[in-house]
Amino acid sequence: MRFTRDQAAAVSVMAFAGMLVMYIETMIVPSIPKLVQYFNTDYDSISWVVTSYLISGTVSSIIFGKLADLYGKKRMFLIVSGIYSISVIFGGFATDLAEFIVIRTFQGMGMAMFPIAFSLIRDEFPPDEIPLAQGVVSATFAGGASLGLVVGAYISQNYGWEWDYHTAIPITVLLFILALKFLKESNIRLNARLDIPGTILLSGGIIMALIATSQGQYWGWYSQSIISLYAFSIVLLSLFILVEDYVKQPLMDLRLLSSRNILLLNIVSLLAASGMFFLYFTIPPLLEDPPPAGFGESIITAGLTNLPAAIFAMIFAPVAALATRKRGPRFSIFVGVIVQIISFLALYFNRSDVFSITEDSLLLGVGNSFTMVGIINMLVAVTPQEKMGISTGMNQLFRNVGSVIAPAIAGVIETGYQQAVLMGVLPIKFSSLSMIPLFGFYPSQQAFDLIYITGITVAFITLFLVSLLKKVNIGGV
């Protein structure tokens, strides 16, 4: 397999977009404590910085995936990239939390570039070259996310969180210019109109479900607000299904989910994304919390611990692509899930020091690379070409749901299983005691045990679902 110059340029642009969007998603995460102080708010409110990004990305992936099928993939890629660049420019100048959340919402739209990129690859690349192209782009997701945790922490710690955004401005503008110059427009169009009622119902249902899932640990899972959000979400999504069966040109062709492989691939994507985010949301507290709850390491050390996983994910992406081409995508997914199981087992039994945790998380990165390369290649192989945008957008929706569910589950476990850590003592004069011990409460090792057991369980369920997939050869269904 060898790309032409034009193909190599197009893949490079799309890989650059994948790395950039994931970098900007995670670069602000290490600065969350600083943002709480800067905006004079609490952790409940600041959680919307992440939630707004994920909600926007989930809804935008579906809508722009459909628009790409209707009006052109390069055109939609440029529109999304332009909006994204403008929102990043304003990111570092936010003066209050509400303004910053609005900016982050627009930034979340950048995630819509992923399904559009995968659709472009399917349209413009020969079948034999699709696995490698998809693999290269998929591998950049983990790379960008891990790079954001490290570089974002360094910039924030030394120059302030605002400079996370200021330094990203020229890079986002460069992405728009490169996309304008090197991406070619696909001639494949779907002759239909945008389903406005379906768009409103689906967006509303997704938004309410994601808000409830991400905010449950703050508002209380049995609170009236959370129960109401889930109830309204079920109503809206049920109405969406009814409307999609009625309208002539539906937003989401639900008949795609009647394909066993497409349905299973979307569920597998949700579960695989959950596994990766179990790692992202447990490594920082495990390393940064004070002993004996954690290792008392710095933010930068915690970020560097995830970096090898990202590097190896990118290194193994071509290997996964080759395996996909030779043995089929189901084989690659199967290998990836098995490696993920080994990684979670290692994290459960062997996390006695930072180096061990780095090794264990590295395995998860490799497994994730194989899994995602296999998933996206099987998806593009079994989806009708004129519906590729909405199909990949639907898959992005399932991935994003997984990335919201995992932190919610981890948060519940970390809150429920805590241990007291002596932080210091308070001297007093008017008491029979000379001092009062001051304790902080942090997730216990039992909490991390339960999270990794959950990860193992999810991975075994994923393995079972993978076994139900019909075998597909790349280049034909």
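In this text, residue positions in the sequence shown follow our numbering: the first is 1, and each later residue adds one. All C-beta atoms, glycine included, are put in the ideal place defined by N, C-alpha and C. Owing to the predicted nature of the structure, the values given are computational and were not obtained by experimental measurement.
Annotation for Y71: the continuous alpha helix (DSSP H) segment containing it runs 48-71. Between L379 and L265, the gap from beta carbon to beta carbon is short of 7 angstroms. Here the C-alpha atom of R325 lies approximately 6 angstroms from the C-alpha atom of I474. Closest by C-alpha distance to P115, out of K184, L463, K471, I390, is I390. A residue is called buried once 16 or more other Cβ atoms fall within 10 Å of its Cβ, and K470, having fewer, is exposed.
Shortest Cα-Cα distance from S259 to any of L468, K34, L229, V29 involves L468.
The three-state secondary structure of P126, taken from DSSP, is coil. Ranked by Cα distance from T140, the first of P407, I262, G365 is G365. Taking all protein chains shown into account, D128 has fewer than 16 neighbouring C-beta atoms within 10 Å of its C-beta and is therefore exposed. Residue nearest to N368 within the set A321, T392, G393, I413 is A321 (criterion: CA-CA distance). Residue state for F3 is assigned as coil, using DSSP reduced to three classes.
In the structure shown, F441 adopts extended strand secondary structure according to DSSP, grouped into three states. The beta carbons of I376 and F118 sit closer together than 7 angstroms. Non-local beta-carbon contacts of A145 in its own chain, meaning distances under 6 angstroms to residues more than five positions away in sequence, involve M22, T26 in chain order. The criterion of a C-beta distance shorter than 7 angstroms is satisfied by V401 and L270. For L304, the enclosing alpha helix (DSSP H) has its first and last residue at 299-327.
Collapsing the DSSP output to three states places V421 in a strand. By the Cβ-count criterion, S233 is buried, with 16 or more other Cβ atoms from all chains shown falling within 10 Å of its own Cβ.
Under the criterion of beta carbons closer than 8 angstroms, T51 and S214 qualify as touching, at roughly 4 angstroms.
Sequence-distant Cβ neighbours of V59 in its own chain, meaning closer than 7 angstroms and more than five residues away, are S203, I206, I207. Straight across, the Cα-Cα distance linking I338 with A272 is about 11 angstroms. By the Cβ test, the segment 219-228 is not in contact with the segment 238-245, since fewer than three Cβ pairs between them sit closer than 8 angstroms. Put simply, the backbone Cα of R351 is about 14 angstroms away from that of P291. Spanning the alpha carbons of M113 and V421 requires a straight line of approximately 44 angstroms.
For M276, the uninterrupted alpha helix (DSSP H) segment begins and ends at 260-280.
Runs of beta strand (DSSP E) with 3 or more residues, each lying fully within the segment 223-250, are absent.
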